Amino acid sequence: FLVQLSHPQGFSAFVNVYGLVPIRYSIPRIAAEFSTGQQALSFITFMFLHGGFFHLIGNMWFLYIFGDNVEDRLGHFRYLVFYLMCGLASGISHLVLNWHSPIPTIGASGAIAGVMGAYFLLYPRARVLTLIPIFIFFHFAELPAFLFLGIWVLFQFMSAAATSAQADGGGI
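Residue numbering for the sequence shown follows the working numbering, starting at 1 and increasing by one per position.
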């Protein structure tokens with residue numbers, strides 16, 4: 001993310017190289033402009049690019065809440081492999097479903113969705129301690145984890161609706 005931020009003038013070019021751009025794979029003339037390494041590498045690097053600071057913070061927040069438990073169950077290495085495989089599966093799915101799209105896709109939402117799905121399967125009755133602001137009062141309550149999973153899905157839909165297809169940052 002910091003490397004991404006260090007390219008403000010060439011942000012679009014940076015995202016077109018390191019984001020996942022389906023048209024780079026579907027049109028041979030465009031594919032020829034990229035090396036095999038760049039084509040393969042973007043299936044990993046797109047997960048580490050973000051549409052902004054709040055996108056990054058949101059992803060980290062949900063990973064902090066749910067990812068540590070999944071990592072405890074799987075172990076560090078297996079968790080890393082699982083996370084990357086979920087992100088790769090999301091990238092391949094996006095590529096297949098949007099074969100001729102020129103819009104770069106960035107973000108770790110697919111990998112995080114896999115982690116959250118694993119959390120739901122491993123801990124179906126888990127509860128999460130939550131701060132609930134009510135005007136100027138703050139209340140702590142334990143809410144079912146599936147409620148947070150629903151909130152995350154809602155955030156994803158809101159983010160998709162708010163992201164313009166013509167935005168420099170691409171699809172998130």
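Built from N, CA and C at the ideal position, the CB exists for glycine as well.
This structure is a prediction, so every number in the text was calculated from the model and none was measured.
Rounded C-alpha distance that separates residue i from residue j
| i | j | result |
| --- | --- | --- |
| Y119 | R29 | 42 Å |
| G91 | F135 | 41 Å |
| F34 | P102 | 14 Å |
| G51 | G107 | 7 Å |
| I27 | L56 | 31 Å |
| S109 | G117 | 12 Å |
| H139 | G87 | 35 Å |
| H76 | I44 | 18 Å |
| L121 | T130 | 21 Å |
| L2 | F53 | 10 Å |
| W99 | Q39 | 14 Å |
Local conformation of residue i per DSSP, three classes
| i | result |
| --- | --- |
| A141 | strand |
| P22 | coil |
| L95 | helix |
| I136 | coil |
| R125 | coil |
| L49 | coil |
Burial state of residue i, where buried means 16 or more other Cβ atoms lie within 10 Å
| i | result |
| --- | --- |
| P124 | exposed |
| E71 | buried |
| Q4 | buried |
| Y83 | buried |
| A161 | exposed |
| A141 | exposed |
| S42 | buried |
Under 8 Å between C-beta atoms of residue i and residue j
| i | j | result |
| --- | --- | --- |
| G67 | V115 | yes |
| V15 | L49 | yes |
| I112 | L63 | yes |
| Y25 | L97 | no |
Expected contact under 8 Å - CB spacing of residue i and residue j to nearest Å
| i | j | result |
| --- | --- | --- |
| F46 | L20 | 4 Å |
| L143 | V153 | Incorrect: roughly 15 Å between the Cβ atoms, too far for contact. |
Below-8 Å beta-carbon distance, residue i vs any chain D residue
| i | result |
| --- | --- |
| Y83 | Here there is only one protein chain, and chain D is not present. |
Any non-hydrogen atom of the ligand FAD within 7 Å of residue i CB
| i | result |
| --- | --- |
| T45 | Ligands displayed in this structure: none; no statement on the ligand FAD is therefore possible. |
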